[in-house]
Each structure stands twice: as C-alpha cells, then as structure tokens.
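Numbering (the working numbering), first residue to last: 11 to 232.
Ideal Cβ placement from N, Cα and C applies to all residues, glycine included.
As the structure is a computational prediction, the values presented were derived from the model and not from experiment.
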Amino acid sequence: MNHTSSEADDFDSIASDAAIASLAEDGYAFVNRLFDPALIMTLAAELAAMEAAGTMATAAVGRDGGLRRDVDIRRAAIRWFDGGTEAERRFLAVAELLRIAINRRLFLGLFDFECNFIAYPTGGFYGRHLDSLAGARNRVVSLIVYLDADWQADYGGALRLWSGPEDQGAASAEIVPQAGRVVLMMSEEIPHEVLPSHRPRHAIAGWWRVNASTGQRLDTSR
Numbered sequence: 011m012n013h014t015s016s017e018a019d020d021f022d023s024i025a026s027d028a029a030i031a032s033l034a035e036d037g038y039a040f041v042n043r044l045f046d047p048a049l050i051m052t053l054a055a056e057l058a059a060m061e062a063a064g065t066m067a068t069a070a071v072g073r074d075g076g077l078r079r080d081v082d083i084r085r086a087a088i089r090w091f092d093g094g095t096e097a098e099r100r101f102l103a104v105a106e107l108l109r110i111a112i113n114r115r116l117f118l119g120l121f122d123f124e125c126n127f128i129a130y131p132t133g134g135f136y137g138r139h140l141d142s143l144a145g146a147r148n149r150v151v152s153l154i155v156y157l158d159a160d161w162q163a164d165y166g167g168a169l170r171l172w173s174g175p176e177d178q179g180a181a182s183a184e185i186v187p188q189a190g191r192v193v194l195m196m197s198e199e200i201p202h203e204v205l206p207s208h209r210p211r212h213a214i215a216g217w218w219r220v221n222a223s224t225g226q227r228l229d230t231s232r
C-alpha cells in the first residue's frame with residue numbers, strides 16, 4: 011500500500027517502533043508522540059463541538075444481548091467514528107499504518123479497526139475490566155489517544171494497568187492522560203481502569219480485531 015505525504019506527516023514511525031517493542035515485551039506500551047499534535051488539537055475541538063451540540067451517547071458496558079448502561083461501572087459518553095470529517099479520516103489512516111506495523115512485527119493478523127470519541131464528565135470513571143469480551147476474540151489490541159492539553163496528575167483520571175487478568179496486586183503502571191499520549195495494550199491480557207476524574211476528560215479509544223469468519227460463520231461481532 012502506498013501512503014500519502016500527509017499520512018506520513020501525521021505518523022511518527024520511530025515512536026511506533028518503540029511502542030510496538032514494549033507491547034511485545036510487556037503487553038502494553040505508552041508513548042508521548044505518535045500522532046501529529048495539530049491533528050490531536052483538531053480532534054479535541056471536534057469532540058468539544060459534539061459535546062456542546064449534545065450529540066454524544068451514554069456509554070454502555072458489554073455488547074449485543076449483554077449490553078447495559080451501568081453508571082456503577084462506567085460513567086462516560088461516546089460517539090463512534092464514521093470518517094465524516096477530514097480529521098477522522100486522517101486518524102483512521104494513521105491507525106491503518108499502525109495496524110500494518112504491528113502485524114509486521116508481532117504477526118497478530120489484525121484485520122479490522124473500530125474507535126470512538128469518549129468524554130468523561132467530572133467524576134467520570136471506568137472500573138477494572140478487559141477490553142475483549144469473555145468467550146469472543148473480538149478485540150486483540152487496544153488503542154487509546156488522549157486529547158486534553160495541559161493535563162496535570164492531580165486532575166485525576168489516570169489509566170491504571172495490571173500485568174495480567176490474575177494480577178490483583180499493585181498496578182504495573184498509572185498513565186496520566188496528557189494530550190497526544192498514546193497507549194497500546196493487549197485487549198485479552200491487560201486489565202485496566204480509569205480512575206475518577208476531577209474535571210472533564212477526553213480521549214479516543216479504539217480496538218483492532220482479527221478476522222474470525224470461517225466458511226460456516228461470518229464474523230459480525232463489530
């Protein structure tokens with residue numbers, strides 16, 4: 011696949027290589043610059059406009075028949091990407107470059123990508139969870155991109171990660187959600203939570219899946 015100069019400008023390949031190496035070794039990684047800062051600012055402005063217009067939807071927990079809106083587990087609002095703006099299309103183009111880079115290095119067979127804007131209100135949080143739902147390999151690698159400029163640690167809202175599903179001890183990492191910071195994690199392996207935020211907090215969350223279709227069954231778990 012040939013990539014345009016604008017895609018290359020939006021994507022830091024050196025930061026990508028470092029993040030993928032950490033993902034392979036630890037199951038998670040975070041880097042402070044992978045996307046162009048100007049693109050991050052544009053996406054943050056688009057999310058602010060959607061909030062002001064009231065077009066965000068209450069985030070749910072689970073999928074399909076198990077879907078529920080449970081404010082004891084998660085308190086946030088979302089809007090799924092549809093590629094309707096230039097900034098969204100640029101973001102999705104960089105996500106595609108990252109998918110190719112991960113597959114080339116880790117041979118995961120990542121096939122499909124979905125993502126959403128997510129806005130946590132003051133007091134918003136998301137309890138400990140895995141991104142991949144039990145019994146379905148619907149998400150393999152998770153991506154988080156933070157959008158809030160000048161975020162300070164005492165604002166709360168940190169992302170807390172553990173080393174594996176059975177790990178109930180001290181967290182392996184707590185990541186402050188500063189604008190432009192990118193987190194990758196293995197969706198089936200790394201439990202995590204969003205700590206309560208003391209002011210509104212904004213991000214993009216996405217997931218790559220493998221193609222689970224077979225000759226007898228079409229994968230529709232998007």
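Apart from the 5 residues on each side of it in sequence, E98 sits with its Cβ closer than 6 Å to the Cβ of F91 in its chain, given in chain order. Counting only runs of 3+ residues, the beta strand (DSSP E) found wholly inside the region 124-212 occupies 136-139, 151-156, 169-171, 183-185, 192-196 and 202-204, in chain order. In the pairwise beta carbon analysis, the region 146-163 is classified as touching the region 190-209: at least three pairs are separated by under 8 Å. Looking from the CA of H202, the closest CA among A181, A67 and Q188 belongs to A181.
At the C-beta level, L44 and V192 come within 7 Å of one another. Distance from the Cα of E124 is smallest, within the candidate group R89, H139 and D158, for R89. Taken through DSSP and simplified to helix, strand or coil, D122 comes out as strand. Secondary structure of T68 (DSSP, three-state): strand. Within the same chain, no Cβ atom closer than 6 Å to the Cβ of F101 is found once the five residues on either side in sequence are excluded.
Ranked by Cα distance from A39, the options M60, A25, D177 and I50 are led by A25. In the structure shown, the three-state DSSP call for A87 is strand. Residue state for F40 is assigned as strand, using DSSP reduced to three classes.
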